[in-house]
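Trainee: Structure provided below as structure tokens; questions to follow.
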Amino acid sequence: MSADKRCFFENDIDKRMEEALENERDRLHARELQCRKKRNHRKLILAFIVLVVAAAVVCLTVKLFSSNIYSDEEEFIAFADRALSENMICSPESDAETEYLYDSEFSVAIRKDATGNEEVNGFRERKINSILESADREEVKTLIIDSASFHTGNGALSMYIHYYMYGMDGKKLKLCRSYADTYLFDADTGELVEPLQVLNVNYKDKAEEYASVYMTRTFNDKERSKDYKDFICASDENFDEFVMTGEEIVFLFEPDTVLKDTFAVVQMPMSYVLVETAIRPEVLDRYIDTSRPMVAVTYDDGPGGDSEAKILDCLSDNGSVATFFYQGYRISGNSSNVRRAVKIGCEIGNHSWDHPQLSKLSKEEIVRQMRKTNKAIKDVCGVEPVVARPPYGDFNITVLKNCGMAEVLWTVDTRDWETRNPKKIFKTVKKQKNLDGKIILMHSIYDETAKATELIIPWLREQGIQTVTVSELIKYKTGTTPKPGKLYRKLQ
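So the sequence shown is numbered by our numbering: it starts at 4 and just counts up by one.
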């Protein structure tokens, strides 16, 4: 091959090599651009993921540490349902419904079953409203209320209202305290009854025997409080809070009583088999412990309209009774109060027809005043009074001989008509050194007296003082029923 041809071929090869190299460089450059683009894309995706995660962490942090613990109603409902499930004392006999009241500052959940009794339902509503009204909304951010009822098998209805309060501990929601109130009702009438109307007097002995074993087997020394035995002995103040389900009795203990460092109510279930001898075959109509102090709360000048209705609500809600001395002319316009007073076990007394000074009347006029009033009372409620109170506490021999009933005065005059101040009225009762056997005077026609009653009646129960009617007080303190023509004032 000539030199010229060889040169041509070499140049052609060089040119093609350069073109191939150029193409390869272009390909590599394009590949590099593509890889760079992919790397940048991955960086963008990674940056986006990091941003999303960071945002989620920020949101979770804000949610966990914000004073507004719930971001929405749905989250509150989930929390409330979990709390209700974990803290249920006993499964209700009937379906329960839950009402949710969500608010960023104060949220409430209320679960109730169907009791089947209007009186009991009304009682429960009043108690729940009282819990809501008394909650300290500065301290409590969430309030959960659970209530269920059970038929005991001996004619009673057992109900509990269990409520637990959550507050802020720094930035966190924390259980502050839980409480459980228990109640017993006559299943037919819906009237509140006392434990000893449903259980025999030996039930606390049975409970103490079982509790001693239960506490040692269920909890260790570190869990039990130092003084736990003080709360499981058969004393007057113990074993009053319990739920009867028909199969077992669940005794309840307040936080920091039988266990250390607990904010929750402590439960002790006890089978009916272990306590069957302590359960009455049927509900007792009324139980009065003659070994305990008792007092007669009395009201004059009624029936008293709305104020007296509130007094009757308070008596009913506390399983208490009183004696109402009525003026005859007021009865026809307030007959519902008269009937209700009799229904819840109160006594109706005679306070004349229109409040005259009886000592200034003739014997015929005295008889007319008393008989006319007795008839009006009997026509409305079917009960004829056996006790009377003379207006102004004024009497003489003529009054005693012609009234036809036992005359009852008082030993504690609250002077509610004069002060018209609930706290002062309450203070008058509270300052008495010994109320056993005393008769308290109030008037059911004043709203202030109704408010005072709402302080007095629960306080008497807390002090272990039984409320009885005037006739019951006379019977248990003198050993005889009220005698016509006789005056009763001091029964201690």
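For glycine and all other residues, C-beta sits at the position ideal for the given N, C-alpha and C.
Please read all numbers here as calculations on a predicted model, not as lab measurements.
Given Ile-314, which residues of its chain have a CB within under 8 Å of its CB, disregarding the five upstream and five downstream residues?
Mentor: Correct list, in chain order: Tyr-302, Gly-307, Ala-325, Ser-447, Thr-452, Ala-453 and Thr-456.
Trainee: Would a C-beta distance cut-off of 9 Å place Leu-490 and Ser-319 closer than the cut-off?
Mentor: Result no, Cβ atoms of Leu-490 and Ser-319 do not sit closer than 9 Å.
Trainee: Within 10 Å of its beta-carbon, does Ile-113 have 16 or more other beta-carbons around it, so buried, or fewer, so exposed?
Mentor: buried
Trainee: Any contact of the region 402-411 with the region 475-488, i.e. 3+ C-beta pairs under 8 Å?
Mentor: yes
Trainee: Which residues bound the beta strand (DSSP E) around Ile-113?
Mentor: 110-116
Trainee: When we look at the beta-carbon of Lys-2 and count the other beta-carbons within 10 Å, is it buried (16 or more) or exposed?
Mentor: The question about residue 2 has no answer, for the chain in this structure spans 4 to 495.
Trainee: Going by C-alpha to C-alpha distance, which of Val-471, Tyr-217, Arg-464 and Val-411 sits closest to Ile-347?
Mentor: Val-471
Trainee: Are the Cβ atoms of Tyr-275 and Glu-251 separated by less than 9 Å?
Mentor: yes
Trainee: Please state whether DSSP places Glu-285 in a helix, a strand or coil.
Mentor: coil
Trainee: If you follow the beta strand (DSSP E) that Ser-335 is in, where does it begin and where does it stop?
Mentor: First-last for Ser-335: undefined, no H or E at that position.
Trainee: Give, in chain order, every unbroken run of the beta strand (DSSP E) that is at least 3 residues long and sits entirely within the region 431-488.
Mentor: 442-446 and 469-471
Trainee: So, is Pro-425 buried or exposed, given that buried needs 16 or more other C-beta atoms within 10 angstroms?
Mentor: buried
Trainee: Taking the continuous beta strand (DSSP E) assigned at Asn-223, which residues delimit it?
Mentor: Here Asn-223 belongs to no beta strand (DSSP E), and DSSP marks it neither H nor E.
Trainee: Can you tell me where the alpha helix (DSSP H) with Leu-178 in it begins and where it stops?
Mentor: Per DSSP, Leu-178 belongs to no alpha helix (DSSP H); it is in the beta strand (DSSP E), 175-189.
Trainee: Classify Pro-284: buried if its beta carbon has 16 or more other beta carbons within 10 angstroms, exposed otherwise.
Mentor: Residue environment analysis places Pro-284 among the exposed positions, since fewer than 16 neighbouring C-beta atoms fall within 10 angstroms of its C-beta.
Trainee: List the whole-angstrom C-beta distance separating Val-201 from Leu-187, where the pair is believed to meet the contact cut-off of C-beta under 8 Å.
Mentor: 5 Å
Trainee: In angstroms, rounded to a whole number, what distance separates the CA positions of Val-402 and Ile-164?
Mentor: About 51 Å.
Trainee: Apply the 10 Å Cβ neighbour rule to Leu-63 and answer buried if 16 or more other Cβ atoms are within range, or exposed otherwise.
Mentor: Residue confidence is low: Leu-63 scores 41 on pLDDT, short of 50, so the model does not pin down where it sits. No coordinate-derived value is stated.
Trainee: Out of Gly-170, Thr-422 and Tyr-332, which has the shortest C-alpha to C-alpha gap to Asp-139?
Mentor: Gly-170
Trainee: Which residues share a DSSP beta bridge with Ala-299?
Mentor: Ile-442 and Val-471
Trainee: Within the continuous beta strand (DSSP E) that includes Ile-252, where are the two ends?
Mentor: 251-256
Trainee: Could you name the residues that DSSP lists as bridge partners for Glu-100?
Mentor: Lys-115
Trainee: What is the DSSP secondary structure of Asp-208, counted as helix, strand or coil?
Mentor: Correct three-state label for Asp-208: helix.
Trainee: Compute the beta-carbon to beta-carbon distance between Ala-2 and Val-268, rounded to the nearest angstrom, for a pair I have assumed lies under 8 Å.
Mentor: Residue 2 falls outside the range modelled here, since the chain spans only 4 to 495, and no answer is possible.
Trainee: Return yes when the Cβ of Ile-460 is within less than 9 Å of the Cβ of Val-300, no when it is not.
Mentor: yes
Trainee: To the nearest angstrom, how far is it from the Cα of Cys-317 to the Cα of Ile-131?
Mentor: 14 Å
Trainee: Measure the beta-carbon distance from Asp-397 to Leu-364 and round it to whole angstroms, keeping in mind my assumption that it falls under 8 Å.
Mentor: With a Cβ gap of about 10 Å, Asp-397 and Leu-364 do not count as contacting.
Trainee: Does the contact criterion of 3 or more C-beta pairs under 8 Å hold for the region 280-294 versus the region 204-222?
Mentor: yes
Trainee: Using the beta-carbon count (16 or more within 10 Å), is Gly-352 buried or exposed?
Mentor: buried
Trainee: When the Cα atoms are used, what is the spatial distance from Asp-208 to Asp-84?
Mentor: 38 Å
Trainee: Since Val-246 and Phe-153 are thought to touch, with beta carbons under 8 Å apart, how far apart are those beta carbons, to the nearest angstrom?
Mentor: 7 Å
Trainee: Starting from Pro-272, trace the beta strand (DSSP E) in both directions and tell me its first and last residue.
Mentor: Taken as a continuous stretch (DSSP letters only), the beta strand (DSSP E) holding Pro-272 covers 269-274.
Trainee: Using a Cβ-Cβ cut-off of 6 Å (strictly less than) and excluding sequence neighbours within five positions of Leu-412, which residues of its own chain qualify?
Mentor: Gly-396 and Arg-492
Trainee: Between the alpha carbons of Ile-380 and Thr-118, how many angstroms are there, rounded?
Mentor: 33 Å
Trainee: Pull up the DSSP beta-bridge partners for Asn-203, would you.
Mentor: Partner(s): none; Asn-203 has no beta bridge.
Trainee: Whose C-beta lies closer than 8 Å to the C-beta of Cys-123 among residues of the same chain, with five residues either side of it excluded?
Mentor: Contrary to the premise, residue 123 reads as Val rather than Cys in this sequence. Contacts found: Ser-152, Leu-160, Met-162, Phe-188 and Gly-193.
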